[in-house]
Amino acid sequence: MPSENPTGSLVTTIDNKIATVIFGHPSSNSFPRELLDRLTTEFNNLSANPTVSVIVIQSEGSGAFCAGASFDELLAVSNESEGTEFFSGFAHLINAMRLCSKLIVGRIHGKAVGGGVGIASACDYTLATKNASIKLSELAIGIGPFVIEPVVSKKIGKTAMAEMTLAAHEWKTADWAAAKGLYANTFETVEELDAAIADFSAKLSSYNPEALMEMKKVLWEGTQHWDTLLLERAAISGKLVLSDFTRKALSQFKK
């Protein structure tokens, strides 16, 4: 049952060295700041947990995987400092996933928009259904995917990132996302996806945990500057979200 909590829900279970993290929010699994912070803390805790070798991240329900930032909270931003603070939540989460000592497997069962694409890109290995189309709609509301750009570009390349960003009203299919490298594989049904996730995670968790942690470091080489870069990008979004263009666009989306 999808979460009805306005601040969202977060549940973690650990079984046979695999931690499954499930987040949810009644607005298409979007992210208010509190949920971003809770998820960031969860990754930090799991990173230090010696009983965990692999992390699977997924969202609730059968609809969207993640609709990105909470429009309600974006509309509530009243000054540049608040805007920067909100978008810093995505910066901290992506950095927590990047710095997490454990490999992260993404289960993308449905559509992902904006920050949801960023979360999928921050996973080390991602599997999805054919329904998991993606879109970067930020330009359509007067901002841009500044905070998530580095992690999306790392995953699919700058050219594909630009194609998505500039075509802000266009959905890209799951097959397109797989061809660009975001998804390792796609499946017709959620049942097939879950079977593949279970099989892959079990195999991964059977490997030498020290080797997995060293491999994680290798996969994220050259991203050390993201600690400051993503916060600088958050400041850009924090300023733009106050524009008349964005205020009007968000109000239209809320209707």
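Here the sequence shown is numbered in our numbering, starting from 630 and rising by one per residue. Even glycine gets a Cβ: it sits at the ideal position worked out from N, Cα and C. Remember, predicted model here, so these are calculated numbers, not experimental data.
**Asked** What beta strand (DSSP E) runs, 3 residues minimum, are completely inside the stretch 780-851?
**Response** Contiguous beta strand (DSSP E) elements confined to the stretch 780-851 occur at 814-816, taking only those with 3 or more residues.
**Message:** Please state the DSSP three-state secondary structure of residue 746.
**Reply:** Helix.
**Message:** When you compare the CB positions of residue 777 and residue 739, do they come within less than 7 Å of one another, or not?
**Reply:** No, these two residues do not count as a Cβ contact at 7 Å.
**Asked** Taking one C-beta from the stretch 838-856 and one from the stretch 723-741 each time, how about it: are there three or more such pairs within less than 8 Å?
**Response** Yes, since at least three Cβ pairs between the stretch 838-856 and the stretch 723-741 fall closer than 8 Å, the two stretches touch.
**Item:** Proximity of residue 648 and residue 675 at Cβ, strictly below 7 Å
**Value:** Cβ atoms of residue 648 and residue 675: closer than 7 Å.
**Asked** Is residue 849 near the ligand NAD, judged by its Cβ being under 6 Å from some heavy atom?
**Response** Annotation note on the ligand NAD: not contained in the displayed structure, which lists no ligands.
**Request:** With DSSP collapsed to three states, give me the class of residue 669.
**Result:** In the structure shown, residue 669 adopts helical secondary structure according to DSSP, grouped into three states.
**Request:** Could you spell out the range, first to last residue, of the alpha helix (DSSP H) harbouring residue 713?
**Result:** Per DSSP, residue 713 is one residue of the alpha helix (DSSP H) stretching across 709-728.
**Message:** Less than 7 Å between the C-beta atoms of residue 737 and residue 749, yes or no?
**Reply:** It is a contact, given that the beta carbons lie within the stated cut-off.
**Request:** Please list, in chain order, all residues of the same chain as residue 640 whose beta carbon is under 6 Å from its beta carbon, the five residues on each side excluded.
**Result:** Around residue 640: 651.
**Contact under 7 Å by Cβ, residue 712 with residue 870** = At the C-beta level, residue 712 and residue 870 come within 7 Å of one another.
**Message:** By alpha-carbon positions, which one of 808, 800 and 795 ends up nearest to residue 785?
**Reply:** The residue from 808, 800 and 795 with its alpha-carbon nearest to that of residue 785 is 808.
**Asked** Helix, strand or coil: how does DSSP classify residue 764 here?
**Response** In the three-state scheme derived from DSSP, where H, G and I count as helix and E and B as strand, residue 764 is classed as strand.
**Message:** Spatial neighbours of residue 867 within its chain, please: C-beta separation below 6 Å, excluding the five flanking residues on both sides.
**Reply:** The residues are 709, 712, 713 and 716.
**Message:** Using C-beta distances below 8 Å, list every residue in its chain close to residue 769, excluding the 5 sequence neighbours before and after it, in chain order.
**Reply:** So the list reads 797, 798 and 878, once near-sequence residues are dropped.
**Paired residues, beta bridge with residue 741 - DSSP** = According to DSSP, which records beta bridges pairwise, residue 741 is partnered with 695 and 763.
**Prompt:** To which residues of the same chain is residue 691 closer than 8 Å at the C-beta, ignoring the five residues directly before and after it?
**Reply:** Sequence-distant Cβ neighbours of residue 691 in its own chain, meaning closer than 8 Å and more than five residues away, are 738, 739 and 819.
**Request:** Answer yes or no: do residue 803 and residue 757 have a C-beta to C-beta separation smaller than 7 Å?
**Result:** In contact: residue 803 and residue 757 (Cβ atoms closer than 7 Å).
**Message:** For residue 668 and residue 841, which I take to be in contact (beta-carbon distance under 8 Å), what is that distance rounded to the nearest angstrom?
**Reply:** With 8 Å as the limit, residue 668 and residue 841 do not qualify as a contact, their Cβ atoms being about 21 Å apart.
**Request:** Could I get the ranges of all uninterrupted beta strand (DSSP E) runs contained in the stretch 641-687, with 3 residues as the minimum, in chain order?
**Result:** As for any beta strand (DSSP E) of minimum length 3 sitting wholly inside the stretch 641-687, the runs are 647-653, ordered along the chain.
**Prompt:** Which of helix, strand or coil does DSSP assign to residue 867?
**Reply:** The answer is helix: DSSP assigns residue 867 an H, G or I state.
**Prompt:** For residue 630, does the three-state DSSP call read helix, strand or coil?
**Reply:** Low local confidence applies: a pLDDT of 48 at residue 630 is under 50, so the model's placement there is unreliable, with the coordinate-based value given in what follows. The answer is coil: DSSP assigns residue 630 none of H, G, I, E or B.
**Item:** Of the listed residues 834, 813, 830 and 680, nearest to residue 885 (C-alpha basis)
**Value:** Here the chain has residues from 630 to 884 only, and residue 885 is not among them.
**Item:** First and last residue of the uninterrupted alpha helix (DSSP H) at residue 769
**Value:** First-last for residue 769: undefined, no H or E at that position.
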